[in-house]
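Peer 1:
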Amino acid sequence: MAEEKLVVREYGAIYVALMGGNFEASLLALDVMWSHWYGQLAQGGFVAVAPARDLLAFCDASSAQGLMELQQVVQRSGNCDHQLHPYLYQRTGTRWQQVIQ
Numbered sequence: 001m002a003e004e005k006l007v008v009r010e011y012g013a014i015y016v017a018l019m020g021g022n023f024e025a026s027l028l029a030l031d032v033m034w035s036h037w038y039g040q041l042a043q044g045g046f047v048a049v050a051p052a053r054d055l056l057a058f059c060d061a062s063s064a065q066g067l068m069e070l071q072q073v074v075q076r077s078g079n080c081d082h083q084l085h086p087y088l089y090q091r092t093g094t095r096w097q098q099v100i101q
């Protein structure tokens, strides 16, 4: 069901997952999204942010521009409803780990 409703759009050096504003952040837990559906988008691995429950953006871990743009997403999300953690997460294997900056 998530695959049917999910749209991923490219914005500059990042991608944004859109699913109608309904728990996009939960897509971090959907392994098939990262390993199969969109794995080709980040040959250097994934870094993602989910600063609110309806906001998920990601980029290739090797993209300095993408990492900067993800930080900007976090900064702009300060007034969003249903805030979550303002951290960047890197996918290692099938797990997400907080990026220490």
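With the working numbering, letter number 92 in the sequence shown gets 92, and the count goes up by one each step, no holes.
Ideal Cβ placement from N, Cα and C applies to all residues, glycine included.
Looking at the structure shown, is V47 part of a helix, part of a strand, or coil, going by DSSP?
Peer 2: strand
Peer 1: Which residues in the same chain have their Cβ closer than 6 Å to the Cβ of N22, if we skip the five residues on either side of it in sequence?
Peer 2: none
Peer 1: Establish whether the CB of Q65 and some CB of chain B are separated by less than 7 Å.
Peer 2: Given the protein chain composition of this structure (a single chain), no chain B is represented.
Peer 1: For A52, name the three-state secondary structure that DSSP assigns.
Peer 2: If DSSP states are grouped into helix, strand and coil, A52 belongs with the strands.
Peer 1: Output the residue ranges of the alpha helix (DSSP H) runs that lie fully inside the stretch 6-45 and measure 4 residues or longer, sorted by chain position.
Peer 2: none
Peer 1: Taking the alpha carbon of S63 as the point to measure from, which residue in V7, F46, Q101 and M19 has its own alpha carbon closest?
Peer 2: F46
Peer 1: Of the residues E4, I14 and L28, which one's Cα is nearest the Cα of Q72?
Peer 2: Of the candidates E4, I14 and L28, the one whose C-alpha sits nearest the C-alpha of Q72 is I14.
Peer 1: Using a Cβ distance threshold of 8 Å, determine whether the stretch 48-55 contacts the stretch 82-92, with at least three qualifying pairs required.
Peer 2: yes
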